[in-house]
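Number of protein chains: 2
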Amino acid sequence: MSTTGPVPADPTLVGSDLAAMARLLADGTRATFCLALLDGRAWTPTELARHAGVAPSTATEHLNTMVAGGLLVQERQGRHRYVRLADQQMAELIETMAAAAPVRPAPAARTLSADSRRRALAHARTCYDHLAGRVGVAIADAMTERALVEWEHGPRLTPGGERWLAELAIDVPASAKRPALRPCLDWTERRPHLAGAVGAALCGHALDQGWIRRVGSSRAVLVTPAGRDVLAARLGLSAELLTPAGN
Amino acid sequence: MSTTGPVPADPTLVGSDLAAMARLLADGTRATFCLALLDGRAWTPTELARHAGVAPSTATEHLNTMVAGGLLVQERQGRHRYVRLADQQMAELIETMAAAAPVRPAPAARTLSADSRRRALAHARTCYDHLAGRVGVAIADAMTERALVEWEHGPRLTPGGERWLAELAIDVPASAKRPALRPCLDWTERRPHLAGAVGAALCGHALDQGWIRRVGSSRAVLVTPAGRDVLAARLGLSAELLTPAGN
DNA sequence: CGGACACTTCGGCGGCGGCCGAACCGTGGC
DNA sequence: GCCACGGTTCGGCCGCCGCCGAAGTGTCCG
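Just so you know, the sequences run in chain order A and B.
Start counting the first sequence at 1; every next residue gets the next number (my numbering).
Start counting the second sequence at 248; every next residue gets the next number (my numbering).
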């Protein structure tokens with residue numbers, strides 16, 4: 001069996017290695033980049049600089065550090081550079097860190113537009129490749145309540161859940177590498193929503209079918225009338241919950 | 248249902264919050280403390296200072312920071328102070344970070360005793376409250392091979408696994424909060440071992456029954472002759488694998 | 001009540017690293 | 001070929017923070 005194979009190099013992780021990784025997130029500007037990148041899309045240095053309120057040169061330096069540290073990967077196209085999170089593992093790292101961060105009272109948005117953006121994100125957004133926010137958590141809750149998913153003995157889809165997905169024509173690619181179902185702690189709701197292959201398939205299908213739509217270039221999404229119908233019919237979610245003004 | 252309850256405070260996590268948490272791990276000395284504390288036991292400032300090679304006053308300052316940040320909790324007894332990781336979530340955070348840290352070639356232990364300590368830890372150790380190291384990974388492998396645990400559709404114990412535990416008189420307390428079975432990436436083997444309630448029960452039982460024994464005050468453990476018999480009979484692990492000199 | 005001991009507080013030092021603006025480099029458009 | 005623009009490099013400034021040793025506090029023990 002595999003454990004009797006060649007003895008591994010036996011690398012001993014030391015504090016400084018761990019610290020070097022943590023340092024990549026231990027700066028306000030870099031952390032702001034990470035939270036923005038959690039939507040799984042690629043951003044340019046200029047976008048990130050503006051988003052975080054720093055000079056482009058500063059953003060460049062941070063991005064170099066983060067790429068060198070393995071947190072991000074980059075792709076160059078002409079005079080543009082695109083960066084995104086290196087992989088799912090790094091996204092999970094950031095999520096885990098965010099979940100562990102103490103809740104502090106919201107810093108009372110200073111401008112009207114910042115406030116509306118904040119509300120839009122809290123309502124519904126993508127988190128890497130799945131759904132988050134009030135809507136994401138409500139979907140997870142409803143699916144749990146209807147026994148479509150099961151958490152107690154390891155997160156998994158129930159037979160009913162598989163039928164449910166099939167009825168909606170949602171295809172979940174099986175992968176040995178990626179877990180089918182994974183709870184992901186929502187950092188606005190502080191409760192889990194659906195991640196893993198199922199969460200990704202659900203979100204992708206919803207975008208394809210026009211059940212949800214991205215708002216501008218942010219990771220906020222809106223539930224369309226068509227989406228409201230589907231979610232009401234299939235999960236019993238109220239129209240009120242699915243409307244951003246609804247709080 | 249619960250999501251229609253009172254609207255949460257809607258705290259928006261900002262970069263600086265995330266950074267503040269990450270900063271707790273972003274220092275070589277603090278990270279060294281964390282790795283030591285991963286065994287789940289309580290340490291004193293003096294022990295940690297010596298372990299990390301810094302002055303006691305320095306350790307005190309770090310520990311104050313870490314406690315204030317919610318990473319550690321402390322308990323005072325007379326003139327002693329004991330610190331340990333605040334909870335399972337913080338332990339997972341550290342493990343996730345350690346797993347994401349790039350593998351660097353082992354820094355070639357400088358002293359003989361450091362080398363033997365390193366070897367002992369790589370062989371078998373506790374990781375928070377479960378087993379890690381070559382032995383921990385081998386147990387996870389063997390249990391997977393014998394279909395006692397199942398990972399593909401969400402980690403869980405199979406019916407055969409439940410019988411197996413019952414035969415060994417290992418009782419796994421059911422908890423809604425803690426997952427029964429969780430893979431925990433081993434940072435010397437870079438492969439998963441068993442965590443969660445099952446991993447903890449197994450490790451606790453093994454210590455109770457004298458199948459394994461702590462080595463001195465470190466988190467390294469030794470498999471006793473009794474333990475070797477049990478692991479050979481129940482999982483088919485070779486005596487060679489269970490002996491520390493064996494590499 | 002004196003001394004040993006665990007721990008803490010404080011002042012001061014030194015280095016690291018985040019920030020910016022200015023100059024520079026390549027690409028693509030006109 | 002020129003210009004606009006995204007991105008990068010570099011030098012220099014400043015603040016933060018990790019470190020120590022010395023002095024102080026509290027606890028336990030004889």
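Note that CB positions come from ideal geometry on N, CA and C, so glycine has one too.
Quick caveat, the model's predicted, so the values are computed rather than measured.
Could you work out which residues of chain B lie near residue i, taking near to mean beta carbons separated by less than 7 Å?
| i | result |
| --- | --- |
| P45/A | Here the premise fails: no neighbours, minimum Cβ distance about 16 Å. |
| E92/A | T343 |
Put residue i into one of helix, strand or coil per three-state DSSP.
| i | result |
| --- | --- |
| Q209/A | coil |
| R79/A | coil |
| W164/A | helix |
| T260/A | Nothing about residue 260/A can be read from this structure; chain A reaches only from 1 to 247. |
| T158/A | coil |
| H51/A | helix |
| L148/A | coil |
| R381/B | helix |
| D17/A | helix |
| A106/A | Per-residue confidence for A106/A stands at a pLDDT of 48, beneath the threshold of 50, marking its modelled position as unreliable; the derived number appears in the next sentence. A106/A: coil per DSSP, three-state reduction. |
| T373/B | strand |
| L272/B | coil |
| R30/A | helix |
| R182/A | strand |
| A42/A | coil |
| H400/B | coil |
| A101/A | coil |
| P303/B | helix |
| V67/A | helix |
| P225/A | helix |
| A195/A | strand |
| P11/A | The predicted model places P11/A with a pLDDT of 47, which falls under 50 and marks its position as unreliable; any figure quoted below should be read in that light. P11/A: coil per DSSP, three-state reduction. |
| H484/B | Residue 484/B is actually Leu in this sequence, not His. Coil at L484/B, not helix or strand. |
| A220/A | strand |
| V477/B | helix |
Using beta carbons (cut-off 8 Å, strictly below), is residue i in contact with chain A?
| i | result |
| --- | --- |
| H440/B | no |
| H309/B | no |
| T405/B | no |
| P354/B | Residue placement at P354/B is flagged as unreliable, the pLDDT there being 48, under the threshold of 50; a coordinate-derived value is accordingly withheld. |
| L260/B | yes |
Answer with yes or no whether the minimum CB distance from residue i to chain B is below 8 Å.
| i | result |
| --- | --- |
| H130/A | no |
| S16/A | yes |
| E75/A | no |
| M143/A | no |
| T32/A | yes |
| L48/A | no |
Listing by chain order, which chain B residues have their CB less than 9 Å from the CB of residue i?
| i | result |
| --- | --- |
| P102/A | D264, A267, M268, G316 and G317 |
| Q89/A | T343, A346 and A347 |
Our contact map puts residue i next to residue j with C-beta atoms below 8 Å; I'd like the distance itself, whole angstroms only.
| i | j | result |
| --- | --- | --- |
| Q74/A | Y82/A | 7 Å |
| G407/B | L395/B | 6 Å |
| R277/B | H309/B | 5 Å |
| T307/B | G15/A | That pair is no contact at about 18 Å. |
| R156/A | L181/A | 6 Å |
| L37/A | A348/B | Contact doesn't hold; Cβ gap of about 19 Å is too wide. |
For residue i, return the contacting residues in chain A, with the cut-off set at a CB-CB distance below 7 Å.
| i | result |
| --- | --- |
| D274/B | A19 |
Below 8 Å between beta carbons: does that hold for residue i and residue j?
| i | j | result |
| --- | --- | --- |
| H452/B | I417/B | yes |
| P173/A | P183/A | no |
| V462/B | L469/B | yes |
| W151/A | T144/A | yes |
| T312/B | L271/B | yes |
| L478/B | L489/B | yes |
| R466/B | G443/B | no |
| A22/A | A486/B | no |
| A99/A | A273/B | no |
| C34/A | T126/A | no |
Residues of chain A with CB under 8 Å from residue i, in chain order?
| i | result |
| --- | --- |
| T490/B | Neighbours of T490/B on chain A: none; closest Cβ ~13 Å, over 8 Å. |
| A306/B | Here the premise fails: no neighbours, minimum Cβ distance about 13 Å. |
Which chain A residues are close to residue i, counting only those with a beta carbon under 9 Å from its beta carbon?
| i | result |
| --- | --- |
| L282/B | L13, V14, G15 and L18 |
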